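Protein sequences, first through last, are from chains A and B.
First residue of the first sequence? That's 1 in my numbering, and the numbers climb one at a time after it.
First residue of the second sequence? That's 1001 in my numbering, and the numbers climb one at a time after it.
For glycine and all other residues, C-beta sits at the position ideal for the given N, C-alpha and C.
As the structure is a computational prediction, the values presented were derived from the model and not from experiment.
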Amino acid sequence: MSSDLRDLYQEVILEHSKAPRNYRESPAANRKAEGFNPLCGDRFTIYLTMDGDSIRDVSFQGSGCAISKASASMMTQSMKGKSAAQAAKLFDSFHRLVTGLGQSNGDAELGKLTVFSGVSQFPARVKCATLAWHALQAALEGKQETTTE
Amino acid sequence: MSIAAKTVSGVGFDLGRVRADFPILEQRVHGKSLVYLDNAATSQKPRAVIETISRYYEETNSNVHRAVHHLSEQATNEYEAARKTAKEFLNAADWKEIIFVRGTTEGINLVAQSYGRASVNAGDEVLITVMEHHSNIVPWQILCSERGATLRAAPINDAGELDMDAFSRLLGPKTKLVAVTHVSNALGTINPVQRIVEMAHSWNVPVLVDGAQAVPHLKADVQALDCDFYTFSGHKVYGPTGIGILYGKAALLEKMPPYQGGGDMIMSVTLEKTVYNRLPYKFEAGTPDIAGVIGLGAALEYVSSLGIENVGPHESALLAYATRAVSAIPDLRVIGTAKEKAGVLSFTLGNIHPHDIGTILDQEGIAIRTGHHCSQPVMQHFGVEATARASFALYNTKEEVDRLVRGIERVREVFA
């Protein structure tokens, strides 16, 4: 396997794509948004439970490729307890990572999410890596379908 | 490996020489020799086409049907010669029945907007099939919603073949037009167009045939098919992008109102009244893609020089070889198993998403298409979000199929 390909399909990514975390509907969610890529048909629903300004829980369901599914899975893990502003900042940093723009001083701590750095060598796959993140952002902004408790 | 040097026994042309006609095939991708299997999206171009286009711009460039000067006359002659080539290619009765359009999509939209708006009224029906490309669905949806008409779609079976009994039942006095693909882009199914036309004509219903995926692989004889409209894109049959053909029976075209207004489609204009030009110019408003038309002519001549009767069997043999080879791969499911198929091998691989298949194959230098292929109703029928699709052209080889099979094995290793 080429080293680019090994960087893209890291063990952690493959593992999350096969057994995604927080892969469930959340009846208690007070916000919900759909991320859809009309070009490839990938579709995720993000369930967001806010506690004031703080994210209590994020879960997701849907279908997509290994990259989009692993990204959604690891995103849900990294979001719990964050404020909306912190979540937006993390997305910004993640976006810089997968588009190869590099990190800046003010960046949020990406932690395990750095396994997605290989995506930057595959520009066609950036939209896969960020699909769930866009949906989460929409949910945070209350843009898409919103459910009430 | 020396794909280019090898010829396949039983091929009615010299495969090595044919491959040498396509400069792009010499390319290396990610350090591997290119295996181009995305021909249903667009085919590569032979040197004859590329050189014809550059020669036109270097030596002939001028507007057509306008001036009396030398270059304009030459450009007009070459442009009209391409129309005669297209007439021969489709075996049309008359060159006036050949209209240059941007591609299949524009051909269908022309018929929907011109013939459709003049003939389809409230309560009428337009009949298509479930296996159509979006470009043979959406123009009819637009027309039907505008006219208060209903769009019906004949179902397909699990092999991806048209259900002819259902099709027959959906035809009736309300049907004003049938629009059907000759070969499915997502499944490769060859539809029994001649039979479809017979059935539709028994109700006096004209038939439009989407030939985009057919003309690269099989002889499309519009007089034998007796279809009323036939349209295809140049770029899928080794010609340039942005140019295609709409064939229409002269009697129908004569009665149809223009599609677009502008230069070249008029005989005379006053501010009060315009007299439209005769066929085919009535449907060719504005300065056309002259270089594209001439390049398309060169592409059709190229295919004819090899003989579609030689190209078709070579591709069928490749498809059969590839189908046998991939069928041995565990968890691989071929989508589209019609008895009559051309050019296309669509498949899924266990739970591995087609995009991941496409990325890994690309790293091996193998170009395929992944996604819904602009045929979402087909995907829904088979209960899949997307497929991986390898599609064949006259320059593909068994060695390339072997590379594809090894590439798929590599995908399975990555996801093991």
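Element boundaries [alpha helix (DSSP H), containing residue i]
i	result
F1283(B)	Neither: F1283(B) is in no alpha helix (DSSP H) and is coded neither H nor E.
G1371(B)	Per DSSP, G1371(B) belongs to no alpha helix (DSSP H); it is in the beta strand (DSSP E), R1369 to G1371.
S1135(B)	No alpha helix (DSSP H) contains S1135(B), which DSSP labels as neither H nor E.
F1382(B)	Q1376 to F1382
D92(A)	A84 to V98
A1317(B)	I1308 to S1327
V152(A)	Residue 152(A) is absent from the structure shown; chain A starts at 1 and stops at 149.
T1274(B)	T1274(B) -> not in any alpha helix (DSSP H); beta strand (DSSP E) instead, spanning T1274 to Y1276.
T1359(B)	P1354 to Q1363
Cβ-Cβ separation, residue j to residue i (assumed contact under 8 Å), whole Å
i	j	result
S1375(B)	N1191(B)	S1375(B) to N1191(B), Cβ: 14 Å. No contact.
V1064(B)	I1290(B)	6 Å
F1232(B)	T1397(B)	F1232(B) to T1397(B), Cβ: 25 Å. No contact.
V1237(B)	L1300(B)	7 Å
CB contact flag (residue i, residue j, <7 Å)
i	j	result
F83(A)	L97(A)	Note that residue 83(A) corresponds to Ser in the displayed sequence, not to Phe. No, they are not a contact pair.
D1228(B)	V1207(B)	yes
Y1259(B)	S1119(B)	no
Y1321(B)	R1019(B)	no
A1082(B)	T1060(B)	no
A72(A)	F60(A)	yes
I46(A)	A108(A)	no
A1122(B)	G1148(B)	yes
T1387(B)	I1335(B)	yes
I1357(B)	L1349(B)	yes
T1042(B)	H1235(B)	yes
L1252(B)	L1279(B)	no
E1315(B)	G1295(B)	no
N22(A)	T76(A)	yes
V1197(B)	D1158(B)	no
V1205(B)	T1181(B)	no
L1171(B)	W1203(B)	yes
I1368(B)	A1390(B)	yes
M1131(B)	V1378(B)	yes
A1298(B)	V1101(B)	no
E1385(B)	G41(A)	yes
Limits of the unbroken beta strand (DSSP E) element including residue i
i	result
I966(B)	Residue 966(B) lies beyond the stretch modelled for chain B, which goes from 1001 to 1416, so this question has no answer here.
T76(A)	Run containing T76(A): none in the beta strand (DSSP E); it sits in the alpha helix (DSSP H), A66 to M79.
E34(A)	R31 to F36
S54(A)	S54 to S63
F1392(B)	Premise fails: F1392(B) is in no beta strand (DSSP E) and is neither H nor E.
E1125(B)	E1125 to T1129
Y1230(B)	F1229 to S1233
R1333(B)	L1332 to I1335
K1176(B)	T1175 to T1181
F1167(B)	From DSSP, F1167(B) is part of no beta strand (DSSP E) but of the alpha helix (DSSP H) over M1164 to L1170.
A1149(B)	Looking at the DSSP string, A1149(B) is not in any beta strand (DSSP E), and its letter there is neither H nor E.
I1266(B)	I1266 to V1269
F1013(B)	Run containing F1013(B): none; DSSP gives neither H nor E here.
Rounded separation between residue i and residue j - CA only
i	j	result
S1304(B)	F1089(B)	8 Å
S1002(B)	L1034(B)	With a pLDDT of 41 at S1002(B), under the threshold of 50, the predicted position of this residue should be treated as unreliable, and no value is reported.
M1265(B)	L1271(B)	16 Å
A1112(B)	D1210(B)	13 Å
V1411(B)	E1051(B)	39 Å
A1154(B)	T1129(B)	4 Å
L1110(B)	A124(A)	34 Å
M1267(B)	R1152(B)	39 Å
G1307(B)	V12(A)	52 Å
A29(A)	V1183(B)	47 Å
V126(A)	S93(A)	14 Å
E1097(B)	Y1079(B)	15 Å
H95(A)	A132(A)	12 Å
V1275(B)	P1257(B)	12 Å
L14(A)	S1327(B)	25 Å
A19(A)	G1383(B)	22 Å
D1038(B)	G62(A)	28 Å
A139(A)	A87(A)	11 Å
G1261(B)	P1046(B)	35 Å
N1091(B)	E1399(B)	35 Å
D1021(B)	R1117(B)	44 Å
M1164(B)	K1339(B)	14 Å
G1012(B)	V1401(B)	19 Å
Cβ-heavy atom distance, residue i to the ligand ADP, below 6 Å
i	result
F1229(B)	The ligand content of the structure shown is nil, which means the ligand ADP is not present either.
May I ask you to list, following chain order, the residues of the segment 56–90 of chain A that have a beta carbon less than 9 Å from some beta carbon of chain B? S63, G64, C65, A66, I67, S68 and K69
Could you please tell me which residues of the segment 113–128 of chain A, in chain order, have their CB closer than 7 Å to any CB of chain B? F122, R125 and C128
Select from the segment 39–54 of chain A all residues with a C-beta closer than 9 Å to any C-beta belonging to chain B, and list them in chain order. From the segment 39–54 of chain A, only L39, C40, G41, D42 and R43 have a Cβ closer than 9 Å to chain B.
Near-chain A residues of the segment 1337–1359 of chain B (beta-carbon distance less than 7 Å), N- to C-terminal order: H1353, H1355, D1356 and T1359
Can you give me, in chain order, the residues of the segment 8–30 of chain A that have a beta carbon less than 9 Å from any beta carbon in chain B? Of all residues in the segment 8–30 of chain A, only L8, Y9, L14, S17 and K18 place a beta-carbon less than 9 Å from a beta-carbon of chain B.
Residues in the segment 1363–1394 of chain B having any Cβ partner in chain A nearer than 8 Å: Q1363, T1370, G1371, H1372, Q1376, M1379, E1385 and A1386
Please list, in chain order, the residues of the segment 1119–1133 of chain B that have any C-beta partner in chain A closer than 9 Å. none
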